[in-house]
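Trainee:
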Amino acid sequence: MMPTTTLFSKLISLNRGMANVLAFGTDGEETLFKAMERNMYHAIHLRCFGHFRDNCKEKLRALPRAVQNEFLDDIFGRRIDNGTMEAGSNDSRQHAATYSDECRPRKSSRGIL
Numbered sequence: 007m008m009p010t011t012t013l014f015s016k017l018i019s020l021n022r023g024m025a026n027v028l029a030f031g032t033d034g035e036e037t038l039f040k041a042m043e044r045n046m047y048h049a050i051h052l053r054c055f056g057h058f059r060d061n062c063k064e065k066l067r068a069l070p071r072a073v074q075n076e077f078l079d080d081i082f083g084r085r086i087d088n089g090t091m092e093a094g095s096n097d098s099r100q101h102a103a104t105y106s107d108e109c110r111p112r113k114s115s116r117g118i119l
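Last residue of the sequence shown? That's 119 in the numbering used here, and every number before it is there in order.
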């Protein structure tokens, strides 16, 4: 089996443009993250939202379910019927709106970010 770092080095040697990606996402697995970080120097690491939420749920497991849900709703918002999220406070709503604006695709000289 090929080590992860070797795999990414090989991929980049076959496609030099990969070395210039702006961001990469993982599930938080450290070996994968470190291999990508070593080979994609300019990219930032984005953590998968679903995996991050699952990790938080795991850490809260010792608490009563109602307390777990309260923490998770405060951090991630609360799902409502149409698939949108509802934040618990005005500060949370403002943060979510700002985050949403920051995550919209933007055009740059390198294409869409």
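From the three backbone atoms N, C-alpha and C, an ideal C-beta is built for every residue, glycine too.
#1: Just to check, is the beta-carbon of Thr12 closer than 8 angstroms to a non-hydrogen atom of the ligand COA?
#2: If you check the beta carbons only, do Met46 and Ala25 fall under 9 angstroms apart?
#3: Determine the direct distance from the alpha carbon of Arg59 to that of Asp80, and round the result to whole angstroms.
#4: Compare the beta carbon distance of Asn61 and Gly34 with 9 angstroms and say whether it is the shorter of the two.
#5: Which residues share a DSSP beta bridge with Arg67?
#6: Measuring alpha carbon to alpha carbon, tell me which residue in Thr10, Ala72, Phe39 is nearest Leu52.
#7: List the DSSP bridge partners of Ala29.
#8: Do you know how far the Cα of Ile50 is from the Cα of Arg85?
#9: Identify whether Gly23 lies in helix, strand or coil by the three-state DSSP scheme.
#10: Please classify Met2: does DSSP put it in a helix, a strand, or coil?
#11: Whose C-beta lies closer than 7 angstroms to the C-beta of Asp107 among residues of the same chain, with five residues either side of it excluded?
Mentor: So, from the data block:
#1: In the structure on display, the ligand COA does not appear, and there are no ligands present to speak of.
#2: For the purposes of this step, residue 46 is identified with residue 40 of the sequence shown, where counting begins at 1. For the purposes of this step, residue 25 is identified with residue 19 of the sequence shown, where counting begins at 1. Yes, these two residues count as a Cβ contact at 9 angstroms.
#3: Locating residue 80 in the sequence shown gives position 74, counting from the first residue. Locating residue 59 in the sequence shown gives position 53, counting from the first residue. Between Asp80 and Arg59, the C-alpha separation is close to 12 angstroms.
#4: The residue given as residue 61 occupies position 55 in the sequence shown. The residue given as residue 34 occupies position 28 in the sequence shown. Yes, these two residues count as a Cβ contact at 9 angstroms.
#5: In the sequence shown, counting from the first residue as 1, residue 67 sits at position 61. Note: Arg67 sits in no beta bridge, so no partner.
#6: Counting from 1 along the sequence shown, the entry for residue 52 is found at position 46. The shortest C-alpha separation from Leu52 is found at Phe39.
#7: Mapped onto the sequence shown, residue 29 falls at position 23. Paired residue(s): Ile50.
#8: Taking the sequence shown and counting its residues from 1, one reaches residue 85 at position 79. Taking the sequence shown and counting its residues from 1, one reaches residue 50 at position 44. Taking the straight line from one Cα to the other gives about 28 angstroms.
#9: Here residue 23 refers to the residue found at position 17 of the sequence shown. If DSSP states are grouped into helix, strand and coil, Gly23 belongs with the helices.
#10: For the chain, the structure presents residues 7 to 119; residue 2 sits outside this window and is missing.
#11: For the purposes of this step, residue 107 is identified with residue 101 of the sequence shown, where counting begins at 1. With a pLDDT of only 47 at Asp107, under the threshold of 50, the placement of this residue in the model should not be trusted, and no figure is reported.
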